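Chains as they are written, first to last, in the numbering used here: chain E, 1092 to 1253; chain H, 1041 to 1188.
Don't be surprised by glycine CBs; every beta carbon is placed ideally from N, CA and C.
Treat the numbers as computed from the prediction; the structure is a model and nothing was measured.
In what follows, a single structure is set out as structure tokens and then discussed.
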């Protein structure tokens, strides 16, 4: 910066720094906003049931287990074609939020299980998971085992609550 | 330095109208540099197209989290490092690493950052690998649906 050194210099010739400051401040604000947006980490926390022992049947808990299953066809961008089952019951996707809310009433602390058939698009499965979460279900266990292939009739064995 | 009293005297030279902005510029530039350095460091894990949902929760960033990105080409990463080219192929390196991480600290949280174009089966297979390594605390990262 042009500072007056000694007494020889005449009038102080400071460059006009105001536009420079303006640009710096705007850049600073942009970076601050970007950092805040990037800091947010969104998603769903869940528990994986401990690895199920294949030889021993899962012990029956005192309460009925609720398993939500998303069935095909449920391709990318076609959320409306997804079929959702609450245990064995086929629930239309549009009525699912309401139904799961009713099912979850009085079971606030119970772990509910979520699974989807392998061919279901991941984003659509996440949207169903989002509906469960929005219905107030706090404890969601995601089943890591493949869904039995029988459509509608098959029993999805719910592992014990960890 | 002219004190406030000096300036009130009629014979005092006119007060300087421009404030000294040099310290302001210094502070601003330092802040700018700090933010510029922090911004690239905030990206955790290899970039993927996240699925978007309506009301994802805020998962607080913690030291105990391990981010596992699963990209659309089925390659598996741990944070930024590739551990498997194909989820259904050679997963030995990934499994070994996960067991090692579990042995060191079993209470860590795994965050799966999977691409939205994948099938649930792919994510489920990855979960199976994580489950076999021993971890039970698993989160799925998503993005909030932007409207308009």
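Here residue 1082 of chain H is exposed, its C-beta having fewer than 16 other C-beta atoms within 10 Å.
The distance from the Cβ of residue 1069 of chain H to that of residue 1182 of chain H is about 37 Å, inconsistent with a contact at the 8 Å cut-off. A check of alpha carbon separations from residue 1119 of chain H across H:1130, H:1128 and H:1104 identifies H:1104 as the nearest. Residue 1142 of chain H is outside the set of residues whose beta carbon lies under 9 Å from a beta carbon in chain E.
Classified as buried, residue 1123 of chain H has 16 or more neighbouring CB atoms from the shown chains inside 10 Å of its CB.
A buried status is given to residue 1165 of chain H, since no fewer than 16 other beta-carbon atoms sit within 10 Å of its beta-carbon.
Cβ-Cβ distances below 7 Å link residue 1086 of chain H to 1109, 1111, 1117 and 1120 in the same chain, with the five nearest sequence neighbours on each side left out; the list follows chain order. Per DSSP, the continuous alpha helix (DSSP H) segment holding residue 1139 of chain H begins and ends at 1132 to 1144. For residue 1103 of chain H, the nearest beta carbon of chain E is not closer than 9 Å to its own beta carbon. Taking 9 Å as the threshold, the shortest C-beta distance from residue 1180 of chain E to chain H does not fall below it. For residue 1154 of chain H, the residues of chain E that pass the 7 Å Cβ criterion are 1213, in the order they occur in the chain. Residue environment for residue 1206 of chain E: buried (at least 16 other C-beta atoms within 10 angstroms of its C-beta). For residue 1203 of chain E, the secondary structure class from DSSP, reduced to helix, strand or coil, is strand.
With contacts defined as CB atoms closer than 9 Å, residue 1176 of chain E and residue 1222 of chain E fail to qualify as a contacting pair. Interface with chain E (9 Å Cβ-Cβ cutoff): residue 1178 of chain H is included.
Contact residues of the segment 1156 to 1175 of chain H toward chain E are 1156, 1157, 1158, 1159, 1160, 1161, 1162, 1163, 1164, 1167, 1168, 1170, 1171, 1172 and 1175 (C-beta to C-beta distance below 8 Å). The continuous beta strand (DSSP E) containing residue 1153 of chain H extends over residues 1149 to 1154. For residue 1093 of chain H, the secondary structure class from DSSP, reduced to helix, strand or coil, is strand. Under DSSP, residue 1121 of chain H forms a beta bridge with H:1118. Going by C-alpha positions, residue 1108 of chain E is about 50 Å away from residue 1136 of chain E. Within the segment 1068 to 1088 of chain H, 1068, 1069, 1071, 1072, 1075, 1076, 1078, 1079, 1082, 1083 and 1084 place their CB atoms closer than 8 Å to a CB of chain E, listed in sequence order.
Not a single C-beta of chain H is nearer than 9 Å to the C-beta of residue 1164 of chain E. With respect to chain E, the C-beta atom of residue 1136 of chain H has no partner C-beta closer than 9 Å. Where residue 1137 of chain E is concerned, the enclosing beta strand (DSSP E) starts and stops at 1133 to 1138. With respect to chain H, the C-beta atom of residue 1208 of chain E has a partner C-beta closer than 9 Å. When DSSP states are grouped into helix, strand and coil, residue 1101 of chain H belongs to the coil group. For the C-beta of residue 1096 of chain H, the chain E residues within less than 9 Å are, from N- to C-terminus, 1133, 1134, 1135, 1217, 1221 and 1224. The shortest C-alpha to C-alpha distance from residue 1156 of chain E to any of E:1138, E:1105 and E:1201 is the one to E:1201.
For residue 1061 of chain H, the chain E residues whose C-beta falls within less than 7 Å of its own C-beta are 1108 and 1112, listed in chain order. Sequence-distant Cβ neighbours of residue 1210 of chain E in its own chain, meaning closer than 6 Å and more than five residues away, are 1163.
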